[in-house]
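Asks: Note that my numbering has the sequence shown beginning at 1061, numbered continuously upward.
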Amino acid sequence: MSNALERLHDLEPSTEEFRAAVHAGLAQPQKSLPCKFFYDAEGSRLFEQICELPEYYPTRTELALLEAHAGEIARLIGPRARLVEFGSGAGIKIRLLLQALDRPAAYVPVDISREHLLAAAVDLARDFPTLRIAPICADYTQPFALPASAGVHPETTVGFFPGSTIGNFTAPEARGFLARARRLLGPGSAMVVGVDLRKDRNILVPAYDDAAGVTAAFNLNLLVRINRELDGDFALDQFTHEARWNDTLGRIEMHLVSRRDQEVRIGAERFRFREGETIHTENSYKYTLDQFRAMATDAGYRPEAVWTDPKGLFSVHMLRA
Ligand code: AVI
């Protein structure tokens, strides 16, 4: 392991937090589970597979945008930047920025999935041996501090939030996240955010309900995780994956639909499901450029630049604090 790779700062959510969220979510009239719990080791692996699917356009479109505009993004960022990536995952996109940047000072990947975070950090340290890397295992929807060790006198600090993960928040959550990130990263910092754009439902629905069934497996893996970690007895073949476009709210919704009336035990508690009743597991909001810029402005940022692909599928925004 490289000397530049620092010890992991571990703030991974506890099993207790998972249990409390599951029990609270399943006690509501519209049952729901927070999508952040998708990302155990298997969920992270399945998500990487989703990113390769022909129907799932966001990853390849954003990668092409970053490839095409990395030079310009790097010029706007300037030399010796410290990069903080929220939800770093496999760390593929950051490589494009790191290669384009002038002497990056440090990279702080923040991710909820510890194993995945560490593996990606080790890989990156191998390819960028002089880069200071300070991984943080944390739920970045909650406040956290940057470790002092990552403060290597950067000229500027830049947040990186690719993949349209911001779309998995409600509008108030997204605004709150951006405002917290602005405070965390400090005055003069920048934020590079990938945002999926509103488009025809005939493109959107297959992107979340692919022919190979990978997204279905990703959604159902949440039940596998509950069974394993919280002593649940969900019968996996009694729930089906569904992706719905909600035009009024501008979002894709993922649900797990109960195939029959049934009762599920989690630990000592039991939850009843009627046939057709759903667990709402994820929202993926799609924005227009103006909607997102207005939200960023509300959060205290100045929209500085935006890049989109020729088909208008996806956007990468540069915001300044
Ligand atoms: C991580 N996030 C941006 C993905 C999305 O598109 O909302 C998660 C996902 N869910 C199903 N497919 C992908």
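Glycine included, every Cβ here is placed at the ideal spot set by N, Cα and C.
For residue 1346, count the other beta carbons within 10 Å of its own beta carbon; 16 or more makes it buried, fewer makes it exposed. Which is it?
Replies: Answer is buried; the Cβ neighbour count reaches 16.
Asks: Rounding to the nearest angstrom, what Cα-Cα distance links residue 1103 and residue 1246 in this structure?
Replies: Taking the straight line joining both Cα atoms gives about 32 Å.
Asks: Checking contacts by CB at 7 Å: is residue 1112 closer than that to chain C?
Replies: The structure shown contains no chain C; it is built from a single protein chain.
Asks: Roughly how many angstroms separate the alpha carbons of residue 1156 and residue 1322, rounded to a whole number?
Replies: Between residue 1156 and residue 1322, the C-alpha separation is close to 48 Å.
Asks: According to DSSP, what are the bridge partners of residue 1292?
Replies: Per DSSP, 1326.
Asks: Compare the C-alpha of residue 1090 against each of 1315, 1152 and 1159 and name the closest.
Replies: With distances taken between Cα atoms, residue 1090 lies closest to 1315.
Asks: Could you check what DSSP says for residue 1386 in three-state terms: helix, strand or coil?
Replies: The chain is shown only over 1061 to 1381; residue 1386 falls outside these bounds and no answer can be derived.
Asks: So within the stretch 1173 to 1221, which uninterrupted alpha helix (DSSP H) runs reach at least 4 residues, ignoring any that extend past its ends?
Replies: Listed in chain order, the complete alpha helix (DSSP H) runs (minimum 4 residues) inside the stretch 1173 to 1221 are 1174 to 1187.
Asks: For the alpha helix (DSSP H) containing residue 1125, list its first residue and its last residue.
Replies: Taken as a continuous stretch (DSSP letters only), the alpha helix (DSSP H) holding residue 1125 covers 1117 to 1137.
Asks: Please report the straight-line C-alpha distance between residue 1136 and residue 1085, rounded to a whole angstrom.
Replies: Spanning the two alpha carbons is a distance of roughly 42 Å.
Asks: Whole angstroms are fine: how far does the CA of residue 1335 sit from the CA of residue 1286?
Replies: When rounded, the distance between both Cα atoms is 20 Å.
Asks: With a threshold of 6 Å, establish whether the CB of residue 1228 neighbours any heavy atom of the ligand AVI.
Replies: Answer for residue 1228: yes, Cβ within range of the ligand AVI.
Asks: With DSSP collapsed to three states, give me the class of residue 1089.
Replies: Coil.
Asks: Which residue wins for smallest C-alpha separation from residue 1161, given the options 1076, 1175, 1179 and 1129?
Replies: Nearest C-alpha to residue 1161: 1129.
Asks: I think residue 1244 touches residue 1361, with their Cβ atoms under 8 Å apart; what is that distance to the nearest whole Å?
Replies: The Cβ separation is near 13 Å, so there is no contact.
Asks: Do you know how far the Cα of residue 1141 is from the Cα of residue 1158?
Replies: Answer to the nearest angstrom: the Cα atoms are 10 Å apart.
Asks: Locate the beta strand (DSSP E) running through residue 1145, then write down its first and last residues.
Replies: From DSSP, the beta strand (DSSP E) with residue 1145 extends over 1141 to 1146.
Asks: Measuring straight from C-alpha to C-alpha, what distance separates residue 1120 and residue 1196?
Replies: Approximately 26 Å, taken between the alpha carbons.
Asks: Could you give the distance in angstroms between the alpha-carbon of residue 1380 and the alpha-carbon of residue 1176?
Replies: Their Cα atoms are separated by approximately 30 Å.
Asks: How about residue 1219 and residue 1194: do their beta carbons lie closer than 7 Å?
Replies: No, the pair does not count as a contact, with Cβ atoms beyond the cut-off.
Asks: Spatial neighbours of residue 1062 within its chain, please: CB distance less than 6 Å, with the 5 preceding and 5 following residues excluded, ordered by chain position.
Replies: Note that residue 1062 has pLDDT 48, beneath the 50 cutoff, so the model's placement of it is unreliable and the number below is only indicative. 1185 and 1189, listed in sequence order.
Asks: Enumerate in chain order the residues of its own chain whose CB-to-CB distance from residue 1248 is below 7 Å, with the five nearest sequence positions on each side excluded.
Replies: Hits under 7 Å: 1216 and 1381.
Asks: Could you check whether the stretch 1260 to 1280 touches the stretch 1300 to 1312, counting it as contact only if at least three pairs of C-beta atoms, one from each stretch, sit closer than 8 Å?
Replies: The stretch 1260 to 1280 is in contact with the stretch 1300 to 1312.
Asks: How would you label residue 1343, buried or exposed, when you count the other beta carbons within 10 angstroms and need 16 or more for buried?
Replies: Flag for residue 1343 reads buried.
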